[in-house]
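Accompanying notes for the structure given below.
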Amino acid sequence: MPRQTLSRRTVLDAGLRLADERGLAGLTMRRLAAELGVEAMSLYNHVANKRDLLDGIAARVYESIPLPDPALAWDERLRLLGNSAFAAFAAHPVVARAVVAGQADPRSVRALRVVDEFFGALLDAGLDGSSAVRRYRSLVGLLFGAVLVQTASPAGAQTHQADLLDDWSRTAARSEELPHLRLILPVMAADECRPDFGPELDLFIDGLRPARPGVPASAPAPASASAPASASAPRL
Numbered sequence: 051m052p053r054q055t056l057s058r059r060t061v062l063d064a065g066l067r068l069a070d071e072r073g074l075a076g077l078t079m080r081r082l083a084a085e086l087g088v089e090a091m092s093l094y095n096h097v098a099n100k101r102d103l104l105d106g107i108a109a110r111v112y113e114s115i116p117l118p119d120p121a122l123a124w125d126e127r128l129r130l131l132g133n134s135a136f137a138a139f140a141a142h143p144v145v146a147r148a149v150v151a152g153q154a155d156p157r158s159v160r161a162l163r164v165v166d167e168f169f170g171a172l173l174d175a176g177l178d179g180s181s182a183v184r185r186y187r188s189l190v191g192l193l194f195g196a197v198l199v200q201t202a203s204p205a206g207a208q209t210h211q212a213d214l215l216d217d218w219s220r221t222a223a224r225s226e227e228l229p230h231l232r233l234i235l236p237v238m239a240a241d242e243c244r245p246d247f248g249p250e251l252d253l254f255i256d257g258l259r260p261a262r263p264g265v266p267a268s269a270p271a272p273a274s275a276s277a278p279a280s281a282s283a284p285r286l
C-alpha cells in the first residue's frame, strides 16, 4: 500500500477496518502499520498504546451515530438514537464486544454527545436523575444484548439453527407438554432473523410513559419502526 499522510483519524479508521476483518486479537500495531504502509513506531505519534487505539475505534463508532433533532419529542429522539446506535454497532460487532468487556470506551466529546442525548431524552420523559441512570443502564444492556445475539453468526450457524428447529419440532409433535412451542415453531422457522432492535426499543419506550403522568404521550411508534439496514452495564 502506498505511504499516506497519517493522522489520528486515518489510524483509527484503518484500525476499525482491521478489527472488523480480523477481530481484536488480529488487531496489532505491526499489522496496522503494514495496512497503512508505515513503520509501527509511526503509529505512536497518533495513539499512545493499544488501549488508546481501542478507545479511539470505539469513539469512531459512536461518532457515526447521528444525533436527533432536539425539537423532536423525547420518545422520538430516544427511538432514533436507539435504532441508530443499534445499526452502528451491528455493523461493527467486534467493537460492541470490546465495549461490553470493558476493553474499549468512548472518550471524545462527539462520542459522549450520544450518551448525553440518551440522558436528555430520559430526563425529558419525566425521570429524576437516579431513575434516568437505572433506565439508561437497562437500555444499554438491552441494546448491546440485541447486537451481540443478533450478530453472532459463525460459519454453519444457520444450518445448525435449522437442524435444531427440526429436532424441536419432532420433540414437540410427540409431547403434549409443549403446546406453546408446537404452536410457535413454524413462526420461528419462517423468521428471517434480520438484525432488528425496533420492537424491543418500542417496548422500552412504552414502559417509560407512566413516568410522566398528566402529559400526553406522542404518537405510538409506526409499525415499520426498526433499526436502519445495515454487575454494571456496558458503557454506551
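Adding 50 to a residue's 1-based position in the sequence shown gives its number in this note's numbering.
Glycine included, every Cβ here is placed at the ideal spot set by N, Cα and C.
query, result
"Going along the chain, which residues of its own chain have a beta-carbon closer than 6 Å to the beta-carbon of A239, five neighbours each way excluded?", "L215"
"Got a sec? Which residues, its chain only, sit under 8 Å from D155 by beta carbon, not counting five neighbours each side?", "D105, A108, V149 and R285"
"For a cutoff of 9 Å on Cβ pairs, would you count R157 as touching chain C?", "The question asks about chain C, but that chain is absent: this structure has only one protein chain."
"Spatial neighbours of L77 within its chain, please: CB distance less than 7 Å, with the 5 preceding and 5 following residues excluded, ordered by chain position.", "G65, L68 and A69"
"Could you check the C-alpha separation between S57 and R259 for me, to the nearest Å?", "45 Å"
"Rounded to a whole number of angstroms, what is the C-alpha to C-alpha distance between E226 and L235?", "15 Å"
"So, with DSSP's three-state summary, where would you put E71?", "helix"
"Using only the alpha-carbon positions, how far apart do E126 and D174 sit?", "11 Å"
"Assuming contact is defined by CB atoms lying nearer than 9 Å, are L130 and P118 in contact in what I supplied?", "yes"
"For H96, which option in V111, R110, A138 and R59 has the closest C-alpha, if you only look at C-alpha atoms?", "R59"
"Would the beta-carbon of A196 fall within 9 Å of that of E113?", "no"
"By the three-class DSSP mapping on this structure, what secondary structure does S158 have?", "coil"
"Take the Cβ of D217 as the centre, count every other Cβ of all protein chains shown within 10 Å, and call the residue buried at 16 or more, exposed below.", "exposed"
"Among residues of its own chain, excluding the 5 on either side of V111, which ones have a beta-carbon nearer than 6 Å to its beta-carbon?", "A138, H142 and V145"
"Below 9 Å between beta carbons: does that hold for P79 and L62?", "Going by the sequence as given, residue 79 is Met instead of Pro. No; because the gap between Cβ atoms is not below 9 Å, this pair is not in contact."
"So, helix, strand or coil for I115, using DSSP?", "coil"
"Can you tell me the Cβ-Cβ gap for L172 and A161, rounded? I've got them flagged as a contact below 8 Å.", "That pair is no contact at about 18 Å."
"Taking just the CA atoms, how far does D246 sit from G132?", "11 Å"
"What are the start and end residues of the alpha helix (DSSP H) that includes H230?", "P229 to A240"
"Mark D252 as exposed unless 16 or more other C-beta atoms lie within 10 angstroms of its C-beta, in which case mark it buried.", "buried"
"Given a cut-off of 9 Å on the beta-carbon distance, is the pair L74 and Q200 in contact?", "no"
"Once DSSP output is grouped into helix, strand and coil, what is the label at N95?", "coil"
"So what does DSSP say about P249, is it helix, strand or coil?", "helix"
"Alpha carbon to alpha carbon, how far is D178 from G191?", "20 Å"
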